[in-house]
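Colleague:
Number of protein chains: 2
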Amino acid sequence: MSEYLPGLAGVPATKSNISDIDGQKGILTYRGFPLEQLAEHSSFEETTLLLLDGELPSATSLADFDMQLKKNRVVKYHIRELMKNLPSRGHPMEMLQTAVASLGMFYPGKECLTGEDFCENLNYVHDMTVKIIARMATIVTMWQHLRNGYEPVNPRKDLSYAENFLYMLTGKEPDPLLAKILDVCLILHAEHTINASTFSVLVTASTLASPYSVVAGAIGTLSGPLHGGANQKVIEMLHAIGSPDKAEEYISNRLKNKEVIWGMGHREYKTKDPRAKILQKLFRNLIEKRGGNINPLFEIALEVERICEERLASKGVYANVDFYSGILYAEMGIPADQFTTIFAVARSAGWLAHWREQLADNRIFRPTQVYIGSGIRTYTPIDQR
Amino acid sequence: MSEYLPGLAGVPATKSNISDIDGQKGILTYRGFPLEQLAEHSSFEETTLLLLDGELPSATSLADFDMQLKKNRVVKYHIRELMKNLPSRGHPMEMLQTAVASLGMFYPGKECLTGEDFCENLNYVHDMTVKIIARMATIVTMWQHLRNGYEPVNPRKDLSYAENFLYMLTGKEPDPLLAKILDVCLILHAEHTINASTFSVLVTASTLASPYSVVAGAIGTLSGPLHGGANQKVIEMLHAIGSPDKAEEYISNRLKNKEVIWGMGHREYKTKDPRAKILQKLFRNLIEKRGGNINPLFEIALEVERICEERLASKGVYANVDFYSGILYAEMGIPADQFTTIFAVARSAGWLAHWREQLADNRIFRPTQVYIGSGIRTYTPIDQR
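Chain order of the listed sequences is A and B. 1 is the number of the first residue of the first sequence in my numbering; add one for each residue after it. 1001 is the number of the first residue of the second sequence in my numbering; add one for each residue after it.
1. Any chance you could list the alpha helix (DSSP H) runs of at least 4 consecutive residues sitting entirely within the segment 98-177 of chain A, in chain order?
2. So, helix, strand or coil for residue 1024(B), using DSSP?
3. List the residues of chain B whose Cβ lies closer than 8 Å to the Cβ of residue 363(A), in chain order.
4. Where does residue 210(A) fall in DSSP's three states?
5. Nearest to residue 1206(B) by CA position, among 1361(B), 1379(B), 1332(B) and 1092(B), is which residue?
6. Among the candidates 1096(B), 1094(B), 1102(B) and 1317(B), whose CA atom is the shortest distance from the CA of residue 96(A)?
7. Measuring straight from C-alpha to C-alpha, what distance separates residue 1063(B) and residue 1245(B)?
8. Could you list which residues in chain A have their beta carbon closer than 9 Å to that of residue 1067(B), in chain order?
9. Can you grab the Cα-Cα spacing for the pair residue 22(A) / residue 1378(B), in whole Å?
10. Name the chain B residues whose beta carbon is nearer than 9 Å to that of residue 111(A)?
11. For residue 282(A), tell me which candidate among 264(A), 331(A) and 271(A) has the shortest Cα-Cα distance.
12. Take residue 171(A) as the anchor and find which of 191(A), 264(A), 59(A) and 142(A) has the nearest alpha-carbon.
13. Hey, quick one: how far does the alpha helix (DSSP H) through residue 1009(B) stretch, first residue to last?
14. For chain A, check one thing: does any of its Cβ atoms lie closer than 8 Å to the Cβ of residue 1244(B)?
15. Classify residue 1163(B): buried if its beta carbon has 16 or more other beta carbons within 10 angstroms, exposed otherwise.
16. Quick one: what's residue 15(A) bridged to in DSSP?
17. Between the Cα of residue 108(A) and the Cα atoms of 124(A), 160(A), 116(A) and 382(A), which residue gives the shortest distance?
18. For residue 365(A), does the three-state DSSP call read helix, strand or coil?
19. Given that residue 1078(B) touches chain A, what residues does it touch there, using C-beta distances under 8 Å?
20. When DSSP builds the beta bridges, which residues end up paired with residue 83(A)?
21. Could you name the residues of the segment 196-208 of chain A whose beta carbon sits closer than 7 Å to any beta carbon of chain E, in the order they occur along the chain?
22. Taking 7 Å as the limit between beta carbons, can you name the residues of its chain near residue 1219(B), skipping five residues before and five after?
23. Taking residue 1196(B) and residue 203(A) to be in contact with their CB atoms under 8 Å, please state how far apart those CB atoms are, rounded to whole angstroms.
24. Under 6 Å Cβ to Cβ from residue 174(A), same chain only, skipping five residues before and after it: list those, please.
25. Could you give the C-beta distance for residue 265(A) and residue 201(A), rounded to a whole number, given that I count them as a contact under 8 Å?
26. I believe residue 286(A) touches residue 181(A) by the beta-carbon criterion, under 8 Å. Please report the beta-carbon distance rounded to the nearest angstrom.
27. Within 8 Å, do at least three Cβ pairs link the segment 1274-1281 of chain B to the segment 1027-1037 of chain B?
28. To the nearest angstrom, how far is the alpha carbon of residue 80(A) from that of residue 224(A)?
29. How many angstroms separate the CA atom of residue 359(A) from the CA atom of residue 1373(B)?
30. Starting from residue 1307(B) and walking both ways along the alpha helix (DSSP H), at which residues does that stretch end?
31. Starting from the C-beta of residue 1065(B), find all residues in its chain whose C-beta is less than 6 Å away, skip the five residues before and the five after it, and write them out in chain order.
32. Short of 8 Å in beta carbon distance, which residues of its chain neighbour residue 294(A), apart from the five on each side in sequence? Order them along the chain.
33. For residue 1192(B) and residue 1045(B), I'd like the C-alpha separation in whole angstroms.
34. Excluding the 5 residues preceding and the 5 following residue 147(A) in the sequence, name in chain order all residues of the same chain whose CB lies nearer than 7 Å to its CB.
35. For the segment 168-180 of chain A, which residues have a beta carbon sitting closer than 7 Å to at least one beta carbon of chain B?
36. Would you identify the three-state DSSP class for residue 269(A), choosing helix, strand or coil?
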């Protein structure tokens, strides 16, 4: 038996060609393409297809995929009715797990295939993938209206994935810069090797569960505060600080008490998170464009960033992707408790790429345990205990 | 980096003191107690408490736990309304994943604790556990009525877990022998070390996701045909055989074509599955009690069992737990597509015991990958592809 390593840290659980992290150099690639290039030139739709198929699509393939996504934005009437029965104070991630689990009943597929059979049915596989990714955004934005007592805003077919998301969320024509920023945020969150939620995709997929069950499981895993919830914490921290002049004291106190500064540092990167660099640039563009008319949270964030850079950069701790995405989402009018659902919307692309990869060469996950319990003992009747 | 082992076969993923399998000798113990003793003397309620707490409960603790379970059998009105919006032809495991995921919104808990904080809050932990285990049976039996267009049968507080399950399923006073058999089936399915669904519990729990999200994820993993669906396949096979005199030919053909005989053999056991031995006895009791008035499926099953024993026992292949449980469930009037939901009802005890164990000494699961993809390459604009 191999050595027991808690959390399977450093234990290879799969062979994968989807993404790669060079934590020393701060490089993240999807299918070999550095994230900076995708953020600059690609779209969430194209990046999703790249993650799924392994290559940048031709213009025709991309147009086809885009059209399929657009056609699948609507959800059936009964899904909305189902969501109306969910308590409005529940967490959106619980709503999302519920709604995505239900999709399998509304849009059923075939029994899951593996190996060659799977690879020969890529049209079918694509179809299932589209059904999920397209509807994730609709479900998340529907909930924002339903939980406040309003009917949702129907999706539009003339908008990109990111534009349509903002449109469904607000009911207004999306601001082009905010739509661009959301598009980049979706690209940046689409994939990140074998984190806990992606790992749970592999485990669930390995029993040949349906892709809906697989994604619903991953949403559950992502919902934990140790995984998907950090950008919500950033906003809560900025609110707690209250104004830029109080940032210095707040951070000093946190550091003195060895408490986490939310949105700073990342376990995988010894240098600045490449995703954070991209968002930092967009964040500064947005501030510039807004001129004097700036959200007070932005000013606090700039000050927190400056102080942390001064104090922590020498230790390899920089603002991470959660730091900027949280602030940018707030600027789009997205409530803090919906940040993780947007993470899930984006990550559904990576999850489904890993679902595909797992099934193409499947083996059920059944690790073993170090048994540390009682030896064999004898049952005593209840009146003798 | 350690060696890559597909499916993490043989790789220890946790230290656990909940259950243990000796596959050579055919022994399965829960907290040290051989399953045969629990099946003979214990109840599902007591076994659940044993799995959760590690010791056989005192009479008072058991009575308390039983009362908590009984109080938590009802589900809120809106859960029923939510379920009414699910398509009746969907699979019950998809319904169950949906409904359990929604429970977190209806019966919210606190943010998940770990380590000492977790161990100091066992009352709270118990409370969450009861909320889930008690409602699983209600949800599964509700669905049986709702999907056929009827209002569900309300739970009763004067019946045991197994009795009440049969009562809610049929609306009739439960047959004592069938209730005893169901109770034993629940005990036998409550726990089985680190299988795929239990492993997904550990992964999801490790991000501090809520226990509802954890169990919903595990239901997804269990739903795959490589994991939870085998007893449904047994019934389908018996129907396909059609009559006892056709069993010989059917099995010969399957063996000649190297096809699976459903319900025969188990990867973990080199000898007869101890759970199968227990059920075989109950199966024979039931046949005896029924005298001449026997379901034709029983006769086919007896013949399949006899032929397989003759041909496969020398290779260490025997009828497993799925072989008998499928037939027994059919006799209780449970439709074949609900067998896996009953498996989930029973296994929720083991899942929540592992949830507890994981959080008492948590480390987030983040294994690594063997990257076999493209090296760094440059993005080409779409018109140059």
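For each residue, glycine too, the CB sits at the ideal point set by N, CA and C.
Modeller: By the coordinates alone:
1. Listed in chain order, the complete alpha helix (DSSP H) runs (minimum 4 residues) inside the segment 98-177 of chain A are 115-119, 122-146 and 161-170.
2. DSSP places residue 1024(B) in coil when its eight states are reduced to three.
3. Neighbours of residue 363(A) on chain B, chain order: 1006, 1007 and 1009.
4. Residue state, collapsed to three classes: coil.
5. Residue 1361(B) holds the alpha-carbon nearest to the alpha-carbon of residue 1206(B) among 1361(B), 1379(B), 1332(B) and 1092(B).
6. Nearest of 1096(B), 1094(B), 1102(B) and 1317(B) to residue 96(A), Cα basis: 1102(B).
7. Distance between the alpha carbons of residue 1063(B) and residue 1245(B): 50 Å.
8. Listed by position along chain A, the residues whose Cβ is nearer than 9 Å to that of residue 1067(B) form an empty set, because the closest Cβ is around 16 Å away.
9. In this model, residue 22(A) and residue 1378(B) are separated by some 17 Å (Cα to Cα).
10. Within 9 Å Cβ-Cβ: 1225.
11. Cα-wise, what sits closest to residue 282(A) is 331(A).
12. Ranking 191(A), 264(A), 59(A) and 142(A) by Cα distance to residue 171(A) puts 142(A) first.
13. Unbroken run through residue 1009(B): none, as it is neither H nor E.
14. At a cut-off of 8 Å, the C-beta of residue 1244(B) has no neighbouring C-beta in chain A.
15. Buried.
16. Assignment of beta-bridge partners to residue 15(A) by DSSP yields 1370(B).
17. Ranking 124(A), 160(A), 116(A) and 382(A) by CA distance to the CA of residue 108(A) puts 124(A) first.
18. Correct three-state label for residue 365(A): coil.
19. Chain-order list of chain A residues neighbouring residue 1078(B): 85, 86 and 87, by C-beta distance under 8 Å.
20. Residue pairing for residue 83(A): DSSP places it in no beta bridge.
21. You won't find chain E in this structure, because its protein chains are A and B.
22. So the qualifying residues of the chain are 1093, 1096, 1097, 1100 and 1344.
23. Sure, about 6 Å apart at Cβ, within 8 Å.
24. Cβ within range, chain order: 163, 166 and 167.
25. Contact flag wrong, Cβ pair sits at about 26 Å.
26. Residue 286(A) to residue 181(A), Cβ: 7 Å. Contact.
27. Yes: at least three Cβ pairs fall under 8 Å.
28. Looking at the two C-alpha atoms, the distance is approximately 26 Å.
29. Each residue's alpha carbon lies about 17 Å from the other.
30. Per DSSP, residue 1307(B) belongs to the alpha helix (DSSP H) from 1296-1312.
31. So the qualifying residues of the chain are 1049.
32. Only 287 meet the Cβ criterion.
33. Whole-angstrom Cα-Cα distance: 17 Å.
34. For residue 147(A), where only same-chain residues beyond five positions count, the Cβ hits under 7 Å are 88.
35. The residues in question: there are none.
36. Judged by DSSP in its simplified three-state form, residue 269(A) adopts coil rather than helix or strand.
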